[in-house]
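*Asks:*
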């Protein structure tokens, strides 16, 4: 931090270091310090794409998003980049995300709006249900544009742009999940409360049997029902549960729907984007999270990670 601060002529406490990599191994500090002068010399306002590439690890593609909105007729830009493909689950795990807005906004206001955006994006994704020691989502206001506060007419547009940026980056992480071939949306409806709905969603998303069934394009609805049953929902009556795969009703009254045909389920499972909808018939609460399938390449990537 002190070495970079000296090059940028700023206070060392304004430098925030971030890292991911092999857990427990120390960073090559000498190499990092030696590379700082060249990195500083290459800084440009349009260097976001290079930064997105530079933070990749097991990612197969960079993740970058831009959104714009207006404040009193002046265009304001939100730029975001992220990295992450494995060890991803809510609370962000081994993921880094950096978002900047060219407006002047107070830190407390930034924190509140970022917390709202993250709650419905980065904290609603899971690739493998695993977490790591490093994660961060950083929002910076550069101060180059107009001043903005929650009471201002332009604030809702900023919140919307930030929400869209975080959601797009979060979903890009899931789509680029290690070895992933399918993007899965899980919707839980008619739960007693949000916490209950989230427990059911997580049980489905973290089930290796569900995830491998999706990798195999196998409409194995029993695995989904089993995950719902073990989610820890008190007094859940399975005879009220319904499950849909996209537009196809699969489970009704806790069992196979009378109108369901295996060919219909297979047609859905052959798609790359699939939505699982579960209705619990217990209330009005709902949640939505995103995950992916689990295949051979996930095992290969993580088995060979240090070799």
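Numbering (my numbering), first residue to last: 1321 to 1627.
Virtual Cβ for every residue (Gly too), placed ideally from N, Cα, C.
From a predicted model like this one, the values you see are computed outputs, not experimental measurements.
Less than 6 Å separating the Cβ of residue 1574 from some heavy atom of the ligand COA?
*Replies:* Absent from the structure shown: the ligand COA. Ligands present: none.
*Asks:* Quick check on residue 1329: buried or exposed, where buried means 16 or more other Cβ atoms within 10 Å of its Cβ?
*Replies:* The residue given as residue 1329 occupies position 9 in the chain shown. So residue 1329 ends up on the exposed side.
*Asks:* If you compare alpha carbons, which of 1608, 1354, 1600 and 1463 is closest to residue 1422?
*Replies:* Here residue 1422 is taken as the residue at index 102 of the chain shown, counted from 1. Ranking the options by Cα distance to residue 1422, first place goes to 1463.
*Asks:* Considering only the alpha carbon of each residue, which of 1460, 1391, 1492 and 1558 lies closest to residue 1334?
*Replies:* Stepping through the chain shown from its first residue, residue 1334 is reached at position 14. Comparing Cα-Cα distances from residue 1334 to each of 1460, 1391, 1492 and 1558, the minimum goes to 1460.
*Asks:* Out of curiosity, what's the CA-to-CA distance linking residue 1383 and residue 1481?
*Replies:* Here residue 1383 refers to the residue found at position 63 of the chain shown. Here residue 1481 refers to the residue found at position 161 of the chain shown. Their Cα atoms are separated by approximately 16 Å.
*Asks:* Could you spell out the range, first to last residue, of the alpha helix (DSSP H) harbouring residue 1351?
*Replies:* The residue labelled residue 1351 in the question sits at position 31 within the chain shown. Residues 1349–1361.
*Asks:* Looking only at its own chain, which residues have a Cβ that is under 8 Å from the Cβ of residue 1389, when we skip the five neighbours before and after it?
*Replies:* Taking the chain shown and counting its residues from 1, the one referred to as residue 1389 is at position 69. 1395, 1396, 1398, 1474, 1477, 1478, 1480 and 1481, listed in sequence order.
*Asks:* Take residue 1344 as the anchor and find which of 1406, 1622, 1375 and 1452 has the nearest alpha-carbon.
*Replies:* Mapped onto the chain shown, residue 1344 falls at position 24. Per the Cα distances, 1452.
*Asks:* Closer than 8 Å is the cut-off here; do at least three beta carbon pairs connect the region 1607–1622 with the region 1571–1584?
*Replies:* Not touching, per the Cβ criterion.
*Asks:* Between which two residues does the beta strand (DSSP E) carrying residue 1399 extend?
*Replies:* Translated into the one-based positions of the chain shown, residue 1399 becomes position 79. It spans 1394–1403 - the beta strand (DSSP E) in which residue 1399 sits, taken as one unbroken run.
*Asks:* Report yes or no: do the region 1591–1606 and the region 1556–1567 share at least 3 C-beta pairs separated by less than 8 Å?
*Replies:* The answer is yes - the region 1556–1567 touches the region 1591–1606, with three or more Cβ pairs under 8 Å.
*Asks:* Just to confirm before moving on: does the CB-CB distance between residue 1534 and residue 1450 stay below 7 Å?
*Replies:* For the purposes of this step, residue 1534 is taken as the residue at position 214 of the chain shown. For the purposes of this step, residue 1450 is taken as the residue at position 130 of the chain shown. Cβ atoms of residue 1534 and residue 1450: not closer than 7 Å.
*Asks:* Okay, do the region 1613–1622 and the region 1490–1501 touch, 3+ Cβ pairs below 8 Å being the bar?
*Replies:* These segments touch.
*Asks:* Between 1548, 1554, 1513 and 1336, which lies nearest to residue 1523 when the distance is taken from Cα to Cα?
*Replies:* The residue labelled residue 1523 in the question sits at position 203 within the chain shown. Of the listed residues, the one whose Cα sits closest to residue 1523 is 1548.
*Asks:* Is residue 1487 helix, strand or coil when you go by DSSP?
*Replies:* Taking the chain shown and counting its residues from 1, one reaches residue 1487 at position 167. Correct three-state label for residue 1487: helix.
*Asks:* In three-state DSSP terms, what is residue 1383?
*Replies:* Position 63 of the chain shown, counted from the first residue, corresponds to residue 1383. Three-state DSSP puts residue 1383 in a strand.
*Asks:* Can you pull the DSSP bridge partners for residue 1534?
*Replies:* The sequence position of residue 1534 within the chain shown is 214, counting from 1. None; residue 1534 has no bridge partner.
*Asks:* With respect to the beta strand (DSSP E) encompassing residue 1445, which residues constitute its N-terminal and C-terminal limits?
*Replies:* The residue given as residue 1445 occupies position 125 in the chain shown. Here residue 1445 belongs to no beta strand (DSSP E), and DSSP marks it neither H nor E.
*Asks:* By Cβ distance, which residues of its chain are closer than 8 Å to residue 1467, with the 5 residues on each side in sequence left out?
*Replies:* Translated into positions along the chain shown, residue 1467 becomes position 147. Excluding residues within five positions, the ones whose Cβ falls inside 8 Å are 1423, 1424 and 1425.
*Asks:* Taking residue 1402 as the reference, give the member of 1364, 1456 and 1433 with the closest Cα.
*Replies:* Sequence index remark: in the chain shown, residue 1402 carries index 82 (1-based). The candidate whose alpha carbon is nearest that of residue 1402 is 1456.
*Asks:* Taking three-plus beta-carbon pairs below 8 Å as touching, is the region 1437–1445 in contact with the region 1484–1496?
*Replies:* Flag = yes, the region 1437–1445 and the region 1484–1496 touch.
*Asks:* Assign residue 1529 to one of two classes, buried (16 or more other C-beta atoms within 10 Å of its C-beta) or exposed (fewer than that).
*Replies:* For the purposes of this step, residue 1529 is taken as residue 209 along the chain shown, with counting starting at 1. Its Cβ having fewer than 16 others within 10 Å, residue 1529 is exposed.
*Asks:* Return helix, strand or coil for residue 1606, following the three-state DSSP convention.
*Replies:* Indexing the chain shown from 1 puts residue 1606 at position 286. Three-state result, residue 1606: strand.
*Asks:* Helix, strand or coil: how does DSSP classify residue 1561 here?
*Replies:* Reading the chain shown from its first residue, position 241 is the one you call residue 1561. Residue 1561 falls in the coil class under three-state DSSP.
*Asks:* Excluding the five sequence neighbours on either side, which residues of its own chain have a C-beta within less than 6 Å of the C-beta of residue 1338, listed in chain order?
*Replies:* Taking the first residue of the chain shown as position 1, residue 1338 is located at position 18. The answer, listed in chain order, is 1416 and 1456.
*Asks:* Just to confirm before moving on: does the CB-CB distance between residue 1519 and residue 1557 stay below 7 Å?
*Replies:* For this step, residue 1519 is matched to residue 199 along the chain shown. For this step, residue 1557 is matched to residue 237 along the chain shown. Not closer than 7 Å, so no.
*Asks:* Taking buried to mean at least 16 other C-beta atoms within 10 Å of its own C-beta, is residue 1433 buried or exposed?
*Replies:* Numbered from 1 along the chain shown, position 113 holds the residue referred to as residue 1433. Per the 10 Å Cβ criterion, buried.
*Asks:* What does a CB cutoff of less than 7 Å around residue 1571 pick up in its chain, not counting 5 residues either side in sequence?
*Replies:* Within the chain shown, numbered from 1, the residue matching residue 1571 stands at position 251. Answer for residue 1571: 1541, 1545, 1561, 1562, 1563 and 1577, listed in chain order.
*Asks:* Would you grab the beta carbon distance between residue 1444 and residue 1419 for me? Rounded to a whole angstrom, and I think it's under 8 Å.
*Replies:* Walking along the chain shown from the start, residue 1444 turns up at place 124. Walking along the chain shown from the start, residue 1419 turns up at place 99. That belief does not hold up - the Cβ atoms of residue 1444 and residue 1419 are roughly 17 Å apart, past 8 Å.
*Asks:* For residue 1525 versus residue 1605, is the C-beta distance shorter than 7 Å?
*Replies:* One-based indexing of the chain shown puts residue 1525 at position 205. One-based indexing of the chain shown puts residue 1605 at position 285. Against a cut-off of 7 Å, the Cβ pair of residue 1605 and residue 1525 comes out as no contact.
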